[in-house]
Amino acid sequence: MKRLDALRQEVLEANLALKEKNLIISTWGNVSVYDAESGVMIIKASGVPYDSMGLDDMVAVDRDGQVIDSAKRPSSDTPTHLYLYRHFAGEGVRSIVHTHSQYATIWAQSCLPLPCYGTTHADYFHGPVPCTRQMSDEEIRERYEENTGKVIVEALAHTNPIHTSAVLVASHGPFTWGKNPADAVFHAEVLEYVAKMGLYNRLLTPGIESAKESLSDKHYFRKFGPGAYYGQP
Ligand SMILES: [Zn+2]
């Protein structure tokens, strides 16, 4: 299918971009894309090194995670991605990125949400980047990857996933998403940048408070709201 081939190319480029932007090392991390029309998801194959990665390593699976056209095994995080599409695709989420980028992972390992400390954050994420609850022993033992998706959806229960396009999974690391793979990778990059600044803010000013809500609303919605006026039409 031509459309799937084009998506496969986009996912490959997005996976390679993670490496280029220093958001991953080794085989960590993955990007997926979801074709809402056919219900097919394309995701990086499990454990493939980035240096030799090619189109063959982008594996297509159906809604149940069954491989469609590849001899390769999809990323072990596949059930997490599928769970998120099941809940967020209706809102327009078409691509998901998972990394262990250092600063975002530091917040995740501290089990802390990342507050909005300034307009750099507010320009891309509306409100704090939430952190999931800890998973129970049972949730870790059984269906761990799917339960990772479950705690992410819980953490975003009162938020629009398009406006809050990132989450920190407690004791693990970040997931970000977007309308396409380039968008999702960009959110992973912005998240890492503001996570680094946020850590220094805390060190410099212990007890620092979030930026004013009126300011963060202003910055987010002048770019992305119905009345957005930032940039070129
Ligand atoms: Zn991970």
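Numbering (our numbering), first residue to last: 7 to 239.
From the three backbone atoms N, C-alpha and C, an ideal C-beta is built for every residue, glycine too.
| said: Output needed for Ser298: all residues of its chain with C-beta closer than 6 Å, excluding positions within five of it in sequence on either side, in chain order. | reply: Because residue 298 is not part of the residues shown, which for the chain are 7 to 239, the question remains open.
| field | beta-carbon His106 near ligand 2 non-hydrogen atom, thresh 8 Å | value | Within the structure as shown, ligand 2 is missing, the only ligands being ligand 1.
| field | Rounded straight-line distance, which links the Cα of Gln115 to that of Tyr130 | value | Taking the sequence shown and counting its residues from 1, one reaches residue 130 at position 124. Taking the sequence shown and counting its residues from 1, one reaches residue 115 at position 109. Going from the Cα of Tyr130 to the Cα of Gln115 covers about 23 Å.
| query | Considering only the beta carbon of each residue, do His132 and Phe230 sit closer than 9 Å? | reply | Sequence index remark: in the sequence shown, residue 132 carries index 126 (1-based). Sequence index remark: in the sequence shown, residue 230 carries index 224 (1-based). Result yes, Cβ atoms of His132 and Phe230 sit closer than 9 Å.
| Integer Cβ distance of Val99 from Thr138, believed to fall under 8 Å | In the sequence shown, counting from the first residue as 1, residue 99 sits at position 93. In the sequence shown, counting from the first residue as 1, residue 138 sits at position 132. About 17 Å separates the two Cβ atoms, so there is no contact after all.
| query | Can you give the Cα-Cα distance for Lys218 and Tyr226, rounded to whole angstroms? | reply | Locating residue 218 in the sequence shown gives position 212, counting from the first residue. Locating residue 226 in the sequence shown gives position 220, counting from the first residue. Those two C-alpha atoms are separated by around 12 Å.
| task | Determine the closest residue to Glu26 out of Ser222, Gln238, Ala194 and Leu205, with distance taken between C-alpha atoms. | result | Here residue 26 is taken as the residue at index 20 of the sequence shown, counted from 1. With distances taken between Cα atoms, Glu26 lies closest to Ala194.
| Roughly how far, in whole angstroms, is the beta-carbon of Ala6 from the beta-carbon of Pro80, given that I think they are within contact range, below 8 Å? | The requested residue 6 does not occur in the structure, where the chain is confined to residues 7 to 239.
| field | C-alpha distance - Pro187 paired with Met59, whole-angstrom precision | value | Numbered from 1 along the sequence shown, position 181 holds the residue referred to as residue 187. Numbered from 1 along the sequence shown, position 53 holds the residue referred to as residue 59. If you take the alpha carbons of Pro187 and Met59, they lie about 17 Å apart.
| Candidates Arg9, Val200 and Gln238: which alpha carbon is nearest Val135's? | To locate residue 135, count along the sequence shown from 1; it is residue 129. The shortest Cα separation from Val135 among Arg9, Val200 and Gln238 belongs to Val200.
| request: Verify whether the separation of the beta carbon atoms of Leu24 and Thr105 is less than 9 Å. | output: Taking the first residue of the sequence shown as position 1, residue 24 is located at position 18. Taking the first residue of the sequence shown as position 1, residue 105 is located at position 99. Their beta carbons are under 9 Å apart, which means Leu24 touches Thr105 by this criterion.
| said: In the DSSP assignment, the beta strand (DSSP E) including Gln48 goes from what residue to what residue? | reply: Reading the sequence shown from its first residue, position 42 is the one you call residue 48. It should be noted that the sequence gives Ile, not Gln, for residue 48. Val46 to Lys50 is the extent of the beta strand (DSSP E) around Ile48.
| Per DSSP, Met64 forms a beta bridge with which residues? | As a first step, residue 64 is located in the sequence shown; it is residue number 58 there, counting from the start. Paired residue(s): Lys50.
| Range covered by the beta strand (DSSP E) that runs through Phe181 | As a working note, residue 181 is residue 175 in the sequence shown. Gly179 to Gly184 is the extent of the beta strand (DSSP E) around Phe181.
| Contained beta strand (DSSP E) runs [length at least 3] in the stretch 121-166, N- to C-terminal order | none
| To the nearest angstrom, how far is it from the Cα of Tyr40 to the Cα of Phe181? | Numbered from 1 along the sequence shown, position 34 holds the residue referred to as residue 40. Numbered from 1 along the sequence shown, position 175 holds the residue referred to as residue 181. Cα-Cα distance, rounded: 15 Å.
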